[in-house]
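From first to last, the protein sequence lines stand for chains A and U. Each residue of the first sequence is one higher than the one before, counting from 211 in the numbering used here. Each residue of the second sequence is one higher than the one before, counting from 211 in the numbering used here. Data block below; observations after.
There are 2 protein chains.
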Amino acid sequence: MQWTKVLGLGLGAAALLGLGIILGHFAIPKKANSPAPQDLDLEILETVMGQLDAQRIRENLRELSREPHVASSPRDEDLVQLLLQRWKDPESGLDSAEASTYEVLLSFPSQEQPNVVDIVGPTGDIIHSCHRTEENVTGEQGGPDVVQPYAAYAPSGTPQGLLVYANRGAEEDFKELQTQGIKLEGTIALTRYGGVGRGAKAVNAAKHGVAGVLVYTDPADINDGLSSPNETFPNSWYLPPSGVERGSYYEYFGDPLTPYLPAVPSSFRLDLANVSGFPPIPTQPIGFQDARDLLCNLNGTLAPATWQGALGCGYRLGPGFRPDGDFPADSQVNVSVYNRLELRNSSNVLGIIRGAVEPGEPLLCSGCRSLPLPPPSPAPPTYLSFSSGSLPLYLWPDRYVLYGNHRDSWVHGAVDPSSGTAVLLELSRVLGTLLKKGTWRPRRSIVFASWGAEEFGLIGSTEFTEEFFNKLQERTVAYINVDISVFANATLRVQGTPPVQSVVFSATKEIRSPGPGDLSIYDNWIRYFNRSSPVYGLVPSLGSLGAGSDYASFIHFLGISSMDIAYTYDRSKTSARIYPTYHTAFDTFDYMDKFLDPGFSSHQAVAQTAGSVILRLSDSFFLPLKVSDYSETLRSFLQAAQQDLGISLGMHRPLVTAVEKFEADAAALGQRISTLQKGNPDPLQVRMLNDQLMLLERTFLNPRAFPEERYYSHVLWAPRTGSVATFPGLSNACSRARDTASGSEAWAEVQRQLSIVVTALEGAAATLRPVADL
Amino acid sequence: MQWTKVLGLGLGAAALLGLGIILGHFAIPKKANSPAPQDLDLEILETVMGQLDAQRIRENLRELSREPHVASSPRDEDLVQLLLQRWKDPESGLDSAEASTYEVLLSFPSQEQPNVVDIVGPTGDIIHSCHRTEENVTGEQGGPDVVQPYAAYAPSGTPQGLLVYANRGAEEDFKELQTQGIKLEGTIALTRYGGVGRGAKAVNAAKHGVAGVLVYTDPADINDGLSSPNETFPNSWYLPPSGVERGSYYEYFGDPLTPYLPAVPSSFRLDLANVSGFPPIPTQPIGFQDARDLLCNLNGTLAPATWQGALGCGYRLGPGFRPDGDFPADSQVNVSVYNRLELRNSSNVLGIIRGAVEPGEPLLCSGCRSLPLPPPSPAPPTYLSFSSGSLPLYLWPDRYVLYGNHRDSWVHGAVDPSSGTAVLLELSRVLGTLLKKGTWRPRRSIVFASWGAEEFGLIGSTEFTEEFFNKLQERTVAYINVDISVFANATLRVQGTPPVQSVVFSATKEIRSPGPGDLSIYDNWIRYFNRSSPVYGLVPSLGSLGAGSDYASFIHFLGISSMDIAYTYDRSKTSARIYPTYHTAFDTFDYMDKFLDPGFSSHQAVAQTAGSVILRLSDSFFLPLKVSDYSETLRSFLQAAQQDLGISLGMHRPLVTAVEKFEADAAALGQRISTLQKGNPDPLQVRMLNDQLMLLERTFLNPRAFPEERYYSHVLWAPRTGSVATFPGLSNACSRARDTASGSEAWAEVQRQLSIVVTALEGAAATLRPVADL
């Protein structure tokens, strides 16, 4: 070939190559540079579901409940170390873990001077004493670490007087006794658990001059009527006659000395004289075997039918003992309480899986999971460096999914709370293992928490929210609580605010239910708890969140969408208030293993449900919080308010308008989400939208709405005295106004509460509208 | 050529072309797909600075101040329409504009029964009357739309008694009168403006049994001592003898009937009997010409030297008139006030420039400015479709920059507030024109606001923050207030929280100062207000934000970083409390045009400063809020607390630690920002970081810290009674505790306030740390 030809061909070839390069570079959009954002990965989800292991949960539970571990005890601190060790494990641990300690006011019985309940005869001799300890039926009810039954925060004192029976210790119970002509001044009131809160019994009693309170658990309320030793644990799941429910009798929650402040050493502490919420008079819980001795010997009128129980005698009101009974008629009851308040160190343990990017300190992503690629692209592996360094795009570690349970128990606490902690440890193990292997890292950060001193009043979690109020409120997507994970093995039970409903439904539809049949957890659940939704038809019904566990400060104080997950009873099979050995020394590993969840499949079901919810909340590109599900709640609250609160239609009008606005704005937001999901949305658009979803719950907070209700700021879920499910502030104000003249201060408060709700709903709706509108 | 050769060449060519395409597509990173994010564009900034026109501001002012326009008057409503028309102009308007109306409680003098101040002789005859109107010196002081001088919210009543002189009406002034043995019961107290707030004079007086209060402006305080007609307006900028300062005497701010609730028609309104904060006794302001008649005829002891003024006589204390004066010695003063409370409609006007993306409703960006391209790339114009549709990446319309001023005046209000509104209109015109031309659209949304009824107590802005509390708190980057834009033409004056200091400095260094010389606004400013910063050396000093204008609810109630911008006096040339015709009928266009800012170059300087600040806040990729500038404030508050509050070193320790933590965390965040800025950071990383900067101010809010201080929740800027600049809650608690025994409740409150500050600082620092840490 001629050199010119060669040159020509060469030049032509170079030109063609060059042209190709130019075309390739500029004319073909480079999809690979726009990696699809990380989203929920069904394969990872399936892996996690498969790896959550019932046997490992069982082993966790055995270890956790091996010894009594009341808050701040040495064994409680041992478990702090156990958690730290697990969460720092190089093979299955988290990114980081640490314990943080608060100095909090707890209450314990004196070890030197045990609390006693005696019957004192006319001559002043003790003629009968109640049991000071529970019967050691399995060898686990004895020993120095078993805290003997007491009413935490009840004051010490030794009141003595005639015994009366006051049913559940509600205000109307004491009124009934008065109506019956019984002089309550100076008496000892025997009450049974249930109806009203623990502390309320003593508060109500003291108002009527009662000097001391006894509280017992009636077999009718806890044992389906059964009470003999051979019908109770260890022969069945029922409470033995000597079993006594311990508990906190403090009215509020959080450390009593540091309301609204974290209980760090430097914080201001109230003078004890200024603490409110403790029971005003000595109070002591007893077992039903002792209660029978007292109650079946009472004198006086037969108590009303609804006051009767299953102790095998007709309950009388007193005062004092009947002449033909076991004790002299004028015997008195002495309640000697020697509880002590003590400042103790109690720890939370926090473990973190960081979301995939840490701004400012680029995470070297060698261990990260490869991002899923857009379908058609044979992409080169350079996309990770699309942005600076090796940062994958589109991930936000400044959003936290919180998952927690308390660690402290009253005695061994196998059910409460170790069944939840056993699940927590298994979940963190499975996720930690994927993390350490480099298989997975969530989009958003996941925080695992083991709270301290919950039994004394949700103390660890409350102090945590006080210390990190702003940070948590700005960034927390949701709080998931699993306290007692298994009450029984019939069905799932979830309490939560409306935005979490859909993510729980999505999760539970994909998990097989334990037990016979081939049902999903969802399909099993709907058989036990259901309601007819105007939007969805028949669906499982979620309960609402009170203050029964550590979610309280998250929802009520911080306004974070929260939920509480457990497996529970077939209510057609038992009427027990709660599992019978609750807060007793009989709540042990064997109790769980034999009676509540043999095989631990319900534990596994809870772990899978919580695990799926965590993954959905932390990995989904679009946050799976369906805020429009609040519309149904608001509509039903509105209807209830219209029907039951006795306020005029004119007064309701702004409320109707506000609810309608919320419905319309929430629906329109739902539409925008659907439209966006069909496209290939910009991550920043999704972030803006997710912020609207995350922050919606916050818009219902008003710290000035209920100044007398400590921590309660959520205008939809604050405590409500009436039984009708509606706006609590409005409902409470109405019930106070009902018997006053129109124009009264009480009716003004109704109007004010109405405006508070309307302003909150209007404000909430405004945050759902397109963000560039005002 | 043989066909095989042709085929071979063809195939080779195709292969080469193909290879080229593949190489071009995959082997060369496509920078064009990663457009540099929109950032502050210096060219746009220069354009805006150049287009802000002094003459147009002058014309705006002429129109705005043409008629009196007290809140809710017909002319006030006309100006609402004027604003709407400007903001909806197709050539120079904003994206949208609307008025929103609140129904609020205002107070007006009766038109039928004017307020009067008379001297009543011993026989009961009126022997002298004070002027009911200001002298009509320019033809603008008369007419039905001039609201005659009154003390808004002072109750009606006709008290009569001997006159006393009570200096400024401070608590110590009345104590001094008591010390002097003067019986105050039933007297009329003559006081002068200044020292304490308007309403406080009546509150303090009433505590001592005073029956009515008069308030005047002393020429010593406002006129540099000058008082004759030929020395005052229209012959100079000084207040004429008949001039009377009107004003609100309400103690709080916001609509008095709807604290914490928006004053929409449906909202709950307090019963008038339950409203607090109104003056307890009739009160009336008068001019110094009338005050001279009263004061120079008083009997009694000569008042202390600091109580003397410039009325040309020795001020005596009273009670009553001297025998040798113009009135009979036992004459009394009658103050007849006929003010009426009225529910009135008052409007805010809001105009919006939307940030560049509206999620869910893609903005067709045909009119958008082209994004700046990364330097080396000959990029094809496809980058706008990098994401879905035609959305430019990296912009956040869910972040708002708010800029506002009130619209209502007392009379013509040329200075107060129309000088600010004239600037507002010019700024919105220049930005609106760029917008409508398609030259520019900001990254973040800009909201312009014209507030109603500020003069009565910041009502329009407060109601707005109550209505949109959550939305504003979640999304507002900063609030910029320009009320009176020009007090005088000597220097810039800025009040604001530390995070805004740096953006104001940046802006003012780039703008030429009006007046002689070739100084920047910054360099001129530093000559008048400066301080020595441990970090920066000599810098202009920013004042702190009280509650003097509409920024109050933004900073104190919502915790939004705020600033107030104006041009003001050379303090070496006048000691006037404020510009002399403040709140009088002499505050007219000519007054401004002749005396305060001839040529309107100071107006232009304020417009340029505010405009540059707005552009920097709305367009900068990294938010120009320098949170680490809070460190200097905290350190100085800490030192002042240690030196001046008289609390022990042990008590300070946690505060010291908290300040140190804040300093360290803020500095580390600054480092991370610097590092990121050097790279090519991911927009989501920048968004996370910007959220930390935006929300820092929020972390200082504690709605439970000062329950008695309505709206004040900012633990660093709440009202402080002491003169030392330090933590207000701590300072106030210390001054109450100082005279009590250790162990008192007052000392417990000191401890509590200390913990509130420590918790806020620790919480604030926590939000500055890397977001994936807890």
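Here a beta-carbon is modelled for each residue, glycine too, at the ideal position from N, C-alpha and C.
At 7 Å on the CB atoms, spell out the chain A contacts of residue 864/U, in chain order.
476
Could you spell out where the beta strand (DSSP E) holding residue 317/A opens and where it closes?
306-319
Taking residue 541/A as the reference, give the member of 484/A, 339/A, 646/A with the closest Cα.
339/A
Closer than 8 Å to chain A by CB, residue 388/U
no
Tell me the start and end of each unbroken beta strand (DSSP E) in the region 673-716 of chain U that is at least 3 residues and wholly inside, in chain order.
686-691, 701-706
Roughly how many angstroms separate the alpha carbons of residue 406/A and residue 380/A, rounded to a whole number?
6 Å
Can you pull the DSSP bridge partners for residue 658/A?
561/A, 613/A
Would you mind reading off the limits of the alpha helix (DSSP H) that contains residue 941/A?
938-947
Taking Cβ positions only, does residue 680/U come closer than 8 Å to chain A?
yes
Give me, in chain order, the residues of the same chain whose beta-carbon lies closer than 8 Å to that of residue 438/A; leave out the 5 immediate sequence neighbours on both sides.
451
Alpha carbon to alpha carbon, what distance is there between residue 610/U and residue 643/U?
20 Å
Beta-carbon spacing of residue 961/U, residue 267/U below 8 Å
no
Amino acids of chain U, ordered along the chain, whose beta-carbon sits closer than 9 Å to that of residue 471/A:
962, 965, 966, 968, 969
Segment contact flag, the region 844-859 of chain U with the region 887-899 of chain U, C-beta cutoff 8 Å, min 3 pairs:
no
Looking only at its chain, what residues have a beta carbon closer than 6 Å to the beta carbon of residue 351/A, apart from the 5 residues adjacent to it on each side?
344, 795
Residue 627/U by DSSP, collapsed to three states: which one?
helix
May I have a chain-ordered list of the beta strand (DSSP E) segments no shorter than 3 residues that lie completely inside the region 403-463 of chain A?
422-426
Would you report the Cα separation of residue 553/A and residue 901/A, rounded to the nearest angstrom?
40 Å
Status (buried if at least 16 other CB within 10 Å, exposed otherwise) for residue 630/A
buried
Run the CB neighbour count on residue 737/A, radius 10 Å, all protein chains shown included, and call it buried at 16 or more, exposed below.
exposed
For chain U, check one thing: does any of its Cβ atoms lie closer than 8 Å to the Cβ of residue 981/A?
yes
Option nearest residue 930/U by Cα separation, candidates 725/U, 304/U, 919/U, 942/U
942/U
Give me the Cβ distance between residue 819/A and residue 721/A, rounded to the nearest whole Å; I'm assuming they're in contact under 8 Å.
6 Å
Is the beta carbon of residue 487/U less than 8 Å from the beta carbon of residue 462/U?
yes
Check whether the region 762-781 of chain U touches the region 816-830 of chain U, taking contact to mean three or more Cβ pairs, one atom from each stretch, closer than 8 Å.
yes
Buried or exposed: residue 681/A, going by 16 or more other Cβ atoms within 10 Å of its Cβ?
buried
Assuming residue 264/U and residue 809/U are in contact, meaning their beta carbons sit under 8 Å apart, how far apart are those beta carbons, in whole angstroms?
6 Å
Kindly indicate if chain A contains any beta-carbon less than 8 Å away from that of residue 973/U.
yes
CB contact flag (residue 771/A, residue 907/A, <8 Å):
yes
Quick one: does residue 898/U have its CB under 8 Å from some CB of chain A?
yes
Please report the residue range of the beta strand (DSSP E) in which residue 375/A lies.
373-375
How would you list, in chain order, the residues of chain A whose beta-carbon sits under 8 Å from the beta-carbon of residue 977/U?
680, 681, 684
Apart from the five residues on each side of it in sequence, which residues of its chain come closer than 7 Å, Cβ to Cβ, to residue 255/A?
822, 825
8 Å Cβ cutoff met for residue 683/A and residue 755/A
no
Applying the 10 Å Cβ sphere with the 16-neighbour rule, what's the burial state of residue 336/A?
exposed
Listed in chain order, which residues of the region 905-922 of chain A have Cβ atoms closer than 7 Å to some Cβ of chain U?
905, 908, 909, 913, 914
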